[in-house]
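> Using the UniProt record's numbering, you'd call the opening residue of the sequence shown number 1 and step up by one each time. For each residue, glycine too, the CB sits at the ideal point set by N, CA and C. For clarity, every value in this text was computed on a predicted model and none was experimentally measured.
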Amino acid sequence: MSIIISLLNHKGGVGKTTSAINLGAALVKLNKKVLLVDLDPQANLTISLGIPRQRVTIYENMRGDAELQPYNVKEDFDVITSSLDLSGAEMELINEPGREYILRELFEPLQEEYDYVIIDCPPSLGLLTLNALTASNFVFIPVQTEFLALQGLAKIKQITDKVSFRLNKKLKMGGVIATMYDSRKILNRDIVSTIKKYFGDKVFNTKIRSNVSLAEAPSQHKDIFEYNKSSNGAKDYLALAKEVVGRLEEAPQKKSDA
């Protein structure tokens, strides 16, 4: 059964798409089979991996015109692509019965095929994001370690709690990922401390350091491991993937054995 993770932050530029791609690629390196879902109408994930426009995208899927058709990037690493057409989906589906459950139903035939499904949510809290949360087991929040990035975190937790209560009892806050971190900056260290006061042990120990290779990799249509496997970005995302596996797979197993 797949573990489904939504990467969510309604503030742009916090490393959400970068984290979706490179956390997914790191999990593949840990021998996991991964499906990325580009649920953002800007299609940044699709573009970053150099995937050509597909005849069937998540837009056609959500309209009910076709089943999911994963695009294979490399072994054990697939993507459900997006396109600008998706920007009209919220208006088109507003009167659709059970509109919050469309994505969950689309995922059902693939539940046994992947170890992890990672959804790159749009930078908003509309119907697309609601679908992602209703389909997910966990929410991860990437947070840039700058002051303005803290704004709105309480709102994200509030939305997650409401979805968990009303639509998806399985949904849990999986963790907060500190991104674009520079340990030399007092502000960055203070922001991490503030996040920990609010989210406690939900904050991942691994911090994603500021790294030029992470910014350059999308221009070459590569994940960080293909672009520069010795970079700090590659080291950090691999460490994060190990922490994710430990938190979501190994820890529950230990608890059930106790």
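Give me the Cβ distance between I177 and I224, rounded to the nearest whole Å; I'm assuming they're in contact under 8 Å.
Not confirmed; about 14 Å, so no contact.
> Pairs of beta-carbons, one from the stretch 85 to 96 and one from the stretch 50 to 63, closer than 8 Å: are there three or more?
The stretch 85 to 96 vs the stretch 50 to 63: in contact.
> With DSSP as the reference, label F165 as helix, strand or coil.
Here F165 sits in helix by DSSP.
> Report the option in E96, T145, E112 whose CA atom is closest to the CA atom of L127.
It is E96 whose Cα lies nearest to the Cα of L127.
> Would D120 and D236 qualify as a contact pair, given that the criterion is a beta-carbon distance under 9 Å?
Contact flag unset, no.
> Checking 9 Å against the spacing of the C-beta atoms, do L167 and T194 come in under that value?
Taking 9 Å as the Cβ cut-off, L167 and T194 do not qualify as a contacting pair.
> Indicate whether N137 and I3 have their beta-carbon atoms separated by less than 9 Å.
The answer is yes: Cβ separation under 9 Å.
> On a Cα-Cα basis, can you pick out the residue from L130, L106, Y116 that is closest to I94?
Minimum Cα distance to I94 is reached at L130.
> Compute the Euclidean distance between the alpha carbons of L187 and F147, then round it to the nearest angstrom.
Each residue's Cα considered, the two are about 8 Å apart.
> Specify whether the stretch 106 to 121 and the stretch 19 to 31 touch according to this definition: at least 3 beta carbon pairs, one from each stretch, less than 8 Å apart.
A contact exists between the stretch 106 to 121 and the stretch 19 to 31.
> Which residues mark the beginning and the end of the beta strand (DSSP E) in which L179 is found?
Position check: residue 179 holds Thr in this sequence, whereas Leu was assumed. Note, T179: beta strand (DSSP E), 172 to 179.
> From the DSSP output, in three-state form, read off S193 for me.
It is helical.
> Over the uninterrupted alpha helix (DSSP H) stretch that includes residue 339, give me the two end residues.
Beyond the ends of the chain as shown, which are 1 and 258, falls residue 339; an answer cannot be given.
> Return the first residue and the last residue of the beta strand (DSSP E) that N72 is part of.
71 to 74 is the span of the beta strand (DSSP E), which, as asked, contains N72.
> Quick check for students: name the residue ranges of the alpha helix (DSSP H) that lie wholly in the stretch 90 to 160, counting only runs of 4 or more.
Fully enclosed alpha helix (DSSP H) runs of 4 or longer: 102 to 107, 127 to 135.
> Let me know if F140 comes out buried or exposed under the rule of 16 or more other beta-carbons within 10 Å of its beta-carbon.
With 16 or more Cβ atoms within 10 Å of its Cβ, F140 is classed as buried.
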